[in-house]
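Okay, so here's the structure we're looking at.
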Amino acid sequence: MNWIITIITAILLISCTAKAKQRETFQRNTPDQLKTLACDTMNIKYIVNMDMEEVKQIEHFMKLFAIYNQKHSKETTLIYIARQFVGIPYVAHTLDKTDDERLVITLKGMDCTTYVENVVAFAQCAFNNKTKWSDFLNAIKQVRYRGGKLSYENRLHYFDWWLEDNEKKGFVKEMNTLEFPFTATQTLKINYMSENYLSYNMLRNHPERVKALKLLEDKTNGKVVRYIPTSALNDNTTLRKAIHNGDILGLVTNKKNLDTTHLGIAIWHKDGLYLLNASSLKKNGSKVVEPTETLYQYLKARPFNLGVRVGRIEQSTLY
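This is the structure:
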């Protein structure tokens, strides 16, 4: 049963949950009633869409991952977390079901971006030994939004925005040296959303959002980024040093007004590099998969994908 959960919290949820006494009130007479989490110091309100059964599932995962992380390396922990979601259905547009921006949390269906966000958020909670669902909400909000501030305009819609902002927070570090295999460059021109706003449920009736996104897009345009071209993605010693298990890979594209078309988590097998990802492909069953083809084989069959940008998940303090 899906409930709307209204969360009222302090500016720093982590500080509130750690230092202030929490009061929880449950109203369960009808499905439309709300669960409210109230902290002693309250000055921010936001709405969370979440299945109540998933609260228990999230806390189960958080405890599991925190214990696992204590006994294993960071890379091993990341792959362990990423593999837990294999088999979950691919579902697009899970964040865009309402007109107002809400903190949508679901483990029942993911697209490539929400899959990566879940992995990063669970990882940061594990690294910080956080095991309460409110900590996971905080982690998702920080990972998904510019500066951790919830709004449609602040959602990190393009991979370049996502990578840059999460690097500022210390959650991810982009790997982009001037040496092999990072031999290719991309000059960004990202106007896809503002030019195709009628295709977006949360943009078509909000010209103010389109205007705000256009300003952010134009600010990004002209930026030059480095990436590993497809030709360098065959199995070799240098590539294994450049890409680690658990790294985030953004598939660079030459499609007009986009920077990437897909995301996933790097995983090495004996025969090469693979991509754990939420796949919309029918041959993969439209679900989160650990595919049977190498990433090199996947990209060679898709000439519009030019290579990959690499983000390494780092341990950072959740604020």
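Okay, so the sequence shown: first residue is -1 according to my numbering, each after it adds one.
Beta carbons: idealized from backbone N, C-alpha and C, even for Gly.
Could you check the C-alpha separation between Asn152 and Asp269 for me, to the nearest Å? Taking the first residue of the sequence shown as 1, we reach residue 152 at position 154. Taking the first residue of the sequence shown as 1, we reach residue 269 at position 271. As the crow flies, the alpha-carbon of Asn152 is around 40 angstroms from that of Asp269.
For Ile311 versus Val118, is the C-beta distance shorter than 7 angstroms? Walking along the sequence shown from the start, residue 311 turns up at place 313. Walking along the sequence shown from the start, residue 118 turns up at place 120. Less than 7 angstroms divides the Cβ of Ile311 from the Cβ of Val118.
Within a Cβ cutoff of 7 angstroms, which residues of the same chain sit near Tyr272, ignoring the five residues on either side of it in sequence? Within the sequence shown, numbered from 1, the residue matching residue 272 stands at position 274. If we look at Tyr272 and ignore the five residues flanking it on each side, its Cβ neighbours are Ile265, Glu288, Pro289, Thr292, Leu293.
Using DSSP's beta-bridge definition, name the partner residues of Gly270. Counted from its first residue, the sequence shown places residue 270 at position 272. In DSSP, Gly270 forms a bridge with His267.
For Ala80 and Ile241, believed in contact at Cβ under 8 angstroms, the rounded distance: Position 243 of the sequence shown, counted from the start, is the residue given in the question as residue 241. Position 82 of the sequence shown, counted from the start, is the residue given in the question as residue 80. No, Ile241 and Ala80 are not in contact; Cβ-Cβ is about 14 angstroms, not under 8 angstroms.
Whole-angstrom Cβ separation of His225 and Ala182, contact assumed at under 8 angstroms? Here residue 225 corresponds to residue number 227 of the sequence shown, with the count starting at 1. Here residue 182 corresponds to residue number 184 of the sequence shown, with the count starting at 1. According to the sequence as given, residue 225 is Tyr; it is not His. Confirmed, about 5 angstroms.
Between the Cα of Cys123 and the Cα atoms of Lys61, Asp163, Ser71, which residue gives the shortest distance? As a first step, residue 123 must be located in the sequence shown, where it is residue number 125. When only C-alpha atoms are compared, the closest one is Lys61.
Inspect the beta-carbon positions of Leu101 and Lys139 and report whether they are closer than 7 angstroms. For the purposes of this step, residue 101 is taken as residue 103 along the sequence shown, with counting starting at 1. For the purposes of this step, residue 139 is taken as residue 141 along the sequence shown, with counting starting at 1. Yes, these two residues count as a Cβ contact at 7 angstroms.
N- and C-terminal bounds of the alpha helix (DSSP H) containing Ala64: Taking the first residue of the sequence shown as 1, we reach residue 64 at position 66. First-last of the alpha helix (DSSP H) with Ala64: 50 to 69.
Go ahead and label Met50 buried or exposed: buried means 16 or more other beta carbons lie within 10 angstroms of its beta carbon, across all protein chains shown. For the purposes of this step, residue 50 is taken as the residue at position 52 of the sequence shown. With fewer than 16 other Cβ atoms from the protein chains shown falling within 10 Å of its own Cβ, Met50 counts as exposed.
Length of the line joining the Cα atoms of Met173 and Gly309: By 1-based counting over the sequence shown, the position of residue 173 is 175. By 1-based counting over the sequence shown, the position of residue 309 is 311. Cα-Cα distance, rounded: 6 angstroms.
Return the CA-CA distance between Ile2 and Tyr150, expressed in angstroms with no decimal places. Within the sequence shown, numbered from 1, the residue matching residue 2 stands at position 4. Within the sequence shown, numbered from 1, the residue matching residue 150 stands at position 152. Reliability of the predicted coordinates at Ile2 is poor, the pLDDT of 44 falling under 50, and the value obtained from them is presented with this limitation in mind. Ile2 and Tyr150: Cα-Cα distance of roughly 18 angstroms.
Validate contact between the region 241 to 253 and the region 75 to 93 using beta carbons, cut 8 angstroms, 3 pairs: Two segments are said to touch when three or more pairs of C-beta atoms, one from each, lie closer than 8 angstroms; by this definition the region 241 to 253 touches the region 75 to 93.
Residue(s) in a DSSP beta bridge with Gln313: Your numbering for residue 313 matches position 315 in the sequence shown. Gln313 has no beta-bridge partner at all, per DSSP.
Under 8 angstroms by Cβ, that's how I've got Asn219 and Thr251 pegged, so tell me the actual separation to the nearest angstrom. Position 221 of the sequence shown, counted from the start, is the residue given in the question as residue 219. Position 253 of the sequence shown, counted from the start, is the residue given in the question as residue 251. Asn219 to Thr251, Cβ: 15 angstroms. No contact.
Let me check understanding here. Comparing Cα to Cα, which of His58, Asn47, Gly85 lies closest to Val286? Along the sequence shown, one-based indexing puts residue 286 at 288. It is Gly85.
Distance between Leu176 and Gln184 (C-alpha atoms, nearest Å): On the sequence shown, residue 184 is found 186 positions in, with the first residue counted as 1. On the sequence shown, residue 176 is found 178 positions in, with the first residue counted as 1. Each residue's Cα considered, the two are about 13 angstroms apart.
Nearest residue (CA-CA) to Tyr88, options Asn255, Leu249, Tyr143, Lys106: Position 90 of the sequence shown holds residue 88. Of the listed residues, the one whose Cα sits closest to Tyr88 is Lys106.
Is Glu165 closer than 7 angstroms to Lys171 when the C-beta atoms are compared? Against the sequence shown, residue 171 aligns to sequence position 173. Against the sequence shown, residue 165 aligns to sequence position 167. In this structure, Glu165 lies closer than 7 angstroms to Lys171 by Cβ.
In terms of alpha-carbon separation, which member of Leu279, Asn194, Trp159 lies closest to Thr258? Against the sequence shown, residue 258 aligns to sequence position 260. Closest by alpha carbon: Trp159.
Inter-residue Cα distance where the pair is Gln82 and Ala121: Along the sequence shown, one-based indexing puts residue 82 at 84. Along the sequence shown, one-based indexing puts residue 121 at 123. Gln82 and Ala121 have their C-alpha atoms spaced approximately 12 angstroms apart.
Note down the Cα distance separating Lys33 from Ala299, rounded to an integer number of angstroms. Position 35 of the sequence shown, counted from the first residue, corresponds to residue 33. Position 301 of the sequence shown, counted from the first residue, corresponds to residue 299. For Lys33, the pLDDT reaches just 39, beneath the cut-off of 50, and the residue's location in the model is therefore unreliable, although a value from the coordinates is still provided. Roughly 48 angstroms between the two C-alpha positions.
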